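J.: The structure is given below, and queries will be raised subsequently.
Residue numbers (the numbering used here): 1151 to 1314.
Put into C-alpha cells, the structure is as follows:
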C-alpha cells in the first residue's frame, strides 16, 4: 500500500469514526424518559424507532462527504476548512440534543436548530463547489433537519411555555 493510499484510508476511518462518535454522544444525550413521553407531539411525529436509522444514514453520508472533501483539498488551509465545517456541524448537532433532551428545553433547541440547518447548508454550498456530489450526499441531512425544525416547532407550540 502506498503512502497516498494509507492517507486515503486514514481519512475515511477518521471521518467515519468522528461521525459515529458524534452519533454516540448525541444518543447518550437523548433520554426518552417520562418527560419526553409526557410531551404532546404532532400527528406527523415519526415513530421513535425511525430516528436511529435516519441518523445512521445521515452520519454515514456526512462522513463520506468529509472524507471526499478532504481528498480533493489541495492545501492545508482547505483541509482545515473541511475539518472546521464538519466539527462545527457536529457541535451544533450535539447542542441540539443537549438542549432538547438533556436540559429539556425544546424552545431553545428550536433556535439552535436554525444554526444546525445553516451549517448543513454551508457544507452543501462550500463543499459542493469543490465536489458536486457533496450536494447529493448532504441533501438528506438538510431535508431531515428541515423536518426536525418543523417537528421541534410543533412540539414547542403544543407544550409551551418552557422554563429553566
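Heads up, the beta-carbon is just placed ideally off N, CA and C, and yes, glycines get one too.
Given the structure is predicted, the values throughout are model-derived calculations rather than measurements.
Which whole-angstrom value describes the C-beta separation of residue 1281 and residue 1207, a residue pair presumed to lie in contact below a C-beta threshold of 8 Å?
T.: No, residue 1281 and residue 1207 are not in contact; Cβ-Cβ is about 19 Å, not under 8 Å.
J.: By DSSP, does residue 1303 sit in helix, in strand, or in coil?
T.: If DSSP states are grouped into helix, strand and coil, residue 1303 belongs with the helices.
J.: Sort 1262, 1226, 1278, 1214 by Cα distance to residue 1162 and report the nearest one.
T.: It is 1214.
J.: Check each candidate in 1256, 1313, 1238 and name the one with the smallest Cα separation from residue 1307.
T.: It is 1256 whose Cα lies nearest to the Cα of residue 1307.
J.: Residue 1208 lies in the alpha helix (DSSP H); which residues open and close that run?
T.: Segment 1201-1222, the alpha helix (DSSP H) holding residue 1208.
J.: Counting C-beta neighbours from all protein chains within 10 Å, is the total for residue 1173 16 or more, i.e. buried, or is it exposed?
T.: The residue in question, residue 1173, is buried, as its Cβ has 16 or more Cβ neighbours within 10 Å.
J.: Taking 8 Å as the limit between beta carbons, can you name the residues of its chain near residue 1269, skipping five residues before and five after?
T.: These residues qualify, in order along the chain: 1235, 1238, 1239, 1242.
J.: With distances taken Cα to Cα, identify the nearest neighbour of residue 1155 among 1181, 1217, 1209.
T.: Measuring from the Cα of residue 1155, the nearest candidate turns out to be 1217.
J.: Whose CA, out of 1201, 1266, 1244, lies closest to the CA of residue 1288?
T.: The option with the nearest alpha carbon to residue 1288 is 1266.
J.: Which same chain residues end up closer than 7 Å to residue 1158 when comparing Cβ atoms and leaving out the 5 residues on each side of it in sequence?
T.: Hits under 7 Å: 1221.
J.: What separation, rounded to the nearest whole angstrom, lies between the Cα atoms of residue 1310 and residue 1272?
T.: Their Cα atoms are separated by approximately 31 Å.
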